[in-house]
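Numbering (my numbering), first residue to last: 119 to 666.
Where a beta carbon is used, it is the ideal one built from N, C-alpha and C, also for glycine.
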């Protein structure tokens with residue numbers, strides 16, 4: 119029987135003893151000849167062996183009555199061995215206990231019962247026990263008792279229940295989160311997630327609850343951020359569509375304005391060509407004028423020669439010399455008529471000035487269009503940078519055209535005034551010189567009457583010579599101015615061609631802007647289409663494709 123007890127001890131948690139050690143720490147088997155269990159219980163070695171169990175151990179006889187308790191069992195039931203001797207183990211539990219009479223069951227069935235877990239009440243305290251009954255046999259092979267080993271698994275059971283609760287709680291919470299995330303993946307932004315409070319009151323459950331509440335808040339914040347982002351994108355898409363429409367309309371207006379500027383540039387180019395032609399004609403007229411001046415100079419030389427002859431006959435030509443002087447004075451008076459005609463010419467030149475002002479107005483309109491284009495380019499952002507460069511170039515060319523027009527107007531005024539003055543003065547001077555020549559012819563016939571006036575006539579001829587020479591110099595200056603005018607006309611033509619080229623580039627830029635405006639519209643429609651897949655209101659349907 120002791121060998122049987124030793125086998126039970128070897129399969130249970132006993133006070134630590136090295137199986138292979140020898141000496142004081144090792145318990146050697148002792149042969150006992152008595153068959154009776156009571157004699158075994160009285161043996162000190164058996165008592166020490168049973169008491170060495172860490173778990174509560176109760177030893178009963180064949181009738182199931184207690185014959186021995188170890189210290190752990192006495193502590194479990196709150197008693198000692200003496201008061202419970204000859205009692206059945208089940209009587210140590212409270213009447214309300216659900217624990218079974220496991221010892222009697224094992225004895226009656228003749229089978230060992232292993233690790234049965236039962237709920238019990240001991241001295242009013244709830245306890246869960248893991249109970250094992252091992253039968254004891256005599257040397258003759260008859261059952262003479264049993265050993266009941268009970269382990270308090272209350273804490274282990276509580277932990278197992280906690281784990282089971284946490285597992286179920288986690289599964290439910292994760293299922294709720296999974297449902298919410300699936301709705302969110304379909305574009306449903308009306309997701310509202312609630313985390314139920316745990317039914318159990320232990321720290322781990324509430325700690326898990328707080329973690330899920332934190333996740334819930336993060337998810338709600340993420341959904342809120344997505345809602346705000348979707349709303350912002352929708353607003354931006356609307357603004358993008360409006361900007362595209364406005365940009366398209368503005369592009370059409372600018373294109374029309376460019377067409378107008380192109381037409382004006384063509385007219386300006388034609389005007390420059392006509393101006394070049396007129397400058398060539400004026401140059402030819404100046405050449406003719408120079409030739410006439412040379413002829414006049416030659417005639418004056420002849421007059422001077424005759425004057426010398428008249429001087430020799432001055433005594434006879436005094437009277438006729440007076441008449442010649444009078445005619446010369448009349449020629450001076452005719453200069454007043456020339457001035458009046460010049461005034462009339464200035465009125466005509468005012469019409470030319472109005473044409474120049476028209477050119478200036480065109481340049482001002484070009485500047486204004488360029489300014490509006492620059493503003494539109496600034497509004498378009500980075501996409502309008504190229505357009506802004508073209509607008510600035512057009513503005514610069516318009517300003518150059520305006521300056522050139524002003525200079526041309528000034529030059530035309532000078533040319534017209536000087537040309538008119540010279541032509542008319544020379545014509546009048548020529549007529550008066552012819553009259554003077556006739557008078558001189560008369561003086562030749564009547565030399566005796568112009569003696570006193572001959573010297574004076576010679577002086578007048580010298581003055582006329584100086585005047586003619588001055589006119590010749592002026593004619594040369596006019597020729598230079600006309601050449602410069604022709605050069606300016608060529609420059610104006612080149613500038614007009616540059617403007618036309620710039621207008622072509624600007625037209626291409628407007629085409630690109632129009633294409634981008636169309637792209638803005640297409641992008642806006644695409645964005646609106648994508649946003650419609652999100653569910654922002656409870657009455658909406660989410661249509662986001664979660665499989666793509």
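Tell whether a beta-carbon distance below 8 Å holds between residue i and residue j.
i           : j           : result
residue 509 : residue 488 : yes
residue 368 : residue 494 : yes
residue 280 : residue 328 : no
residue 507 : residue 620 : no
residue 359 : residue 639 : yes
residue 218 : residue 244 : no
residue 184 : residue 212 : no
residue 365 : residue 341 : no
residue 313 : residue 330 : yes
residue 643 : residue 394 : no
residue 283 : residue 315 : no
residue 189 : residue 204 : no
residue 478 : residue 405 : no
residue 222 : residue 253 : no
residue 210 : residue 202 : yes
residue 471 : residue 527 : yes
So the candidates are the options; which of them puts its Cα closest to the Cα of residue i?
i           : options               : result
residue 376 : 340, 348, 491 and 343 : 491
residue 475 : 253, 448, 542 and 521 : 521
residue 641 : 584, 253 and 352      : 352
residue 276 : 320, 207 and 344      : 320
residue 337 : 318, 324, 315 and 309 : 309
residue 371 : 644, 647 and 629      : 629
residue 346 : 324, 214, 412 and 307 : 307
residue 632 : 465, 503 and 363      : 363
residue 298 : 274, 335 and 278      : 335
residue 216 : 242, 339 and 573      : 242
residue 384 : 344, 637, 472 and 618 : 618
residue 423 : 577, 496 and 300      : 577
residue 480 : 419, 553 and 378      : 378
residue 614 : 381, 259 and 226      : 381
residue 409 : 591, 214 and 194      : 591
residue 530 : 344, 602 and 165      : 602
residue 272 : 499, 238 and 333      : 238
residue 497 : 647, 357, 333 and 373 : 357
residue 623 : 343, 373, 257 and 532 : 373
residue 584 : 465, 167 and 419      : 419
For residue i, collect the residues of the same chain with a Cβ closer than 6 Å to its Cβ; drop the 5 residues on either side in sequence, then sort them by chain order.
i           : result
residue 192 : 198
residue 208 : 219
residue 206 : 182
residue 448 : none
residue 625 : 376
residue 139 : Reliability of the predicted coordinates at residue 139 is poor, the pLDDT of 32 falling under 50, and the value obtained from them is presented with this limitation in mind. Same-chain partners within the cutoff: there are none.
residue 645 : 355
Just to confirm my understanding: we take residue i, look at its own chain, exclude 5 residues before and 5 after, and list those with CB closer than 8 Å. What are they?
i           : result
residue 233 : 248, 249 and 250
residue 612 : none
residue 616 : 515
residue 196 : 240 and 241
residue 339 : none
residue 672 : No information on residue 672 is available, as it lies outside the stretch 119 to 666 that the chain covers here.
Using a Cβ-Cβ cut-off of 7 Å (strictly less than) and excluding sequence neighbours within five positions of residue i, which residues of its own chain qualify?
i           : result
residue 294 : 311
residue 635 : 362, 365, 366 and 369
residue 598 : none
residue 504 : 627
residue 291 : 313 and 330
Is there a C-beta anywhere in chain D that falls below 8 Å from the one on residue i?
i           : result
residue 185 : Note that chain D does not occur in the displayed structure, where there is just one protein chain.
At a threshold of 7 Å, does residue i count as lining the ligand MG (C-beta to nearest heavy atom)?
i           : result
residue 218 : The model depicted lacks the ligand MG and carries no ligand whatsoever.
| query | Are the stretch 247-262 and the stretch 286-298 touching by the rule of at least three beta carbon pairs closer than 8 Å? | reply | no
| Would you call the stretch 265-278 and the stretch 172-187 in contact, with 3 or more CB pairs under 8 Å? | yes
| Should the stretch 471-487 be called in touch with the stretch 514-524, which here means at least 3 C-beta pairs below 8 Å? | yes
| Can you list, in chain order, the stretches of the beta strand (DSSP E) that have 3 or more residues and sit fully within the stretch 237-316? | 243-255 and 261-270
| message | Just to confirm the assignment: which complete alpha helix (DSSP H) runs, minimum length 4, are found wholly within the stretch 202-235? | response | 220-227
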